[in-house]
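Read in order, the letters of the first sequence correspond to residues 97 to 313 in the numbering used here. Using N, Cα and C, we set each Cβ at its ideal position, and we do this for glycine too. Since the structure is predicted, the reported quantities are computational estimates derived from the model, not experimental observations.
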Amino acid sequence: MTEKISCTELYQKLFHYYGPQGWWPADSDFQMLISAILVQRTNWKNVALALGNLGKNVTAGELIQMEEAELAEKIRPSGFYRMKAKKIRAWLHWFQKYDFQIKEVQKVDQAVLRKELLAIHGIGEETADAMMLYAFDKPGFIADNYAIRLFHRIGFDIPKTYYAFKAKVEDLFPHDLEMHQEFHALIVEHGKQYCKKTPLCESCPLLSHCWTGNEIR
DNA sequence: ATCCAGGCTGAGG
DNA sequence: CCTCAGCATGGA
97 MTEKISCTEL YQKLFHYYGP QGWWPADSDF QMLISAILVQ RTNWKNVALA
147 LGNLGKNVTA GELIQMEEAE LAEKIRPSGF YRMKAKKIRA WLHWFQKYDF
197 QIKEVQKVDQ AVLRKELLAI HGIGEETADA MMLYAFDKPG FIADNYAIRL
247 FHRIGFDIPK TYYAFKAKVE DLFPHDLEMH QEFHALIVEH GKQYCKKTPL
297 CESCPLLSHC WTGNEIR
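So, in structure tokens, the structure goes:
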């Protein structure tokens, strides 16, 4: 028997099943920001290898002085490494305007900050939202493929564009930083375990709320 | 050996 | 607005 659930009910169930995730899984805010780029279209294990090559306590100042080829070589395990080296450098040049101070970026208005991030080469909507949510203290919903798949399965009417989906969920969910941080982490963890690109998983804890196993993505 | 993973850009309908 | 190739590694 399938029963509909709301966004907050979904959040509560995920939290109940998986517990607090404490994302983003990085040692520092700066590593979080770099890894947001490194993790584009790759798994976290490869990102961890790349982060390891960069060194535990690399600073933005050190990275921006590094030759692009050297940076690329270090982040090689994360895949798409030449492009990602360019992306990281582009992002660093933007970050330099704030003296590499995360606290300074946090003072920027949320909408303004999002536009600035999106203007950086290599930073798209998901990466920008992740940076804002986990390092710059701006609450928001990350409308990634895991979210699309899960919300689709529970019968949520998903708007076509990334931003429309994001805005709709934000309308239905508390504007709370920690709740959004947990929500995204829970959606990804749940997605990895029970909401893959295959038919419905019989042991999925949300099985009673899933209307279909067909994916859109 | 395929297939997949916390995407984005740029070109072309 | 939408689609699609290209970008690349490491693990299952």
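Item                                                                                                                                                                                  : Value
By alpha-carbon positions, which one of K152, I238, S131 ends up nearest to N142?                                                                                                     : S131
State the start and end residues of the unbroken alpha helix (DSSP H) segment that holds V143.                                                                                        : 140-150
Please name the residue in A146, L167, I254, E166 whose C-alpha comes closest to that of P173.                                                                                        : A146
So K199 is in the alpha helix (DSSP H); what residue range does that whole segment cover?                                                                                             : 198-202
Hey, how far is the Cα of P121 from the Cα of W140?                                                                                                                                   : 9 Å
Using only CA atoms, which one of F191, E200, T104, M275 lies nearest to L229?                                                                                                        : M275
For the region 218-225 against the region 249-266, do three or more pairs of beta-carbon atoms, one drawn from each stretch, fall closer than 8 Å, so that the two count as touching? : yes
If you run the structure through DSSP and keep just helix, strand and coil, what is T223?                                                                                             : helix
Mapping the DSSP letters down to three states, classify N153 as helix, strand or coil.                                                                                                : coil
Where does A207 land, buried or exposed, given buried means 16+ other C-beta within 10 angstroms?                                                                                     : exposed
What ranges does the beta strand (DSSP E) occupy inside the region 102-127, keeping only unbroken runs of at least 3 residues that lie completely in it?                              : none
Using a 10 Å radius around the Cβ and a threshold of 16 neighbouring Cβ atoms, would you call L134 buried or exposed?                                                                 : buried
Got a sec, what are the start and stop residues for the alpha helix (DSSP H) A243 sits in?                                                                                            : 241-249
Could you tell me whether the region 110-117 touches the region 278-286, where touching means 3 or more Cβ pairs closer than 8 Å?                                                     : yes
Tell me the rounded alpha-carbon separation between A224 and L188.                                                                                                                    : 14 Å
So, helix, strand or coil for L159, using DSSP?                                                                                                                                       : helix
Could you give the DSSP three-state label for I130: helix, strand or coil?                                                                                                            : helix
I need the DSSP call for A215, collapsed to helix, strand or coil.                                                                                                                    : coil
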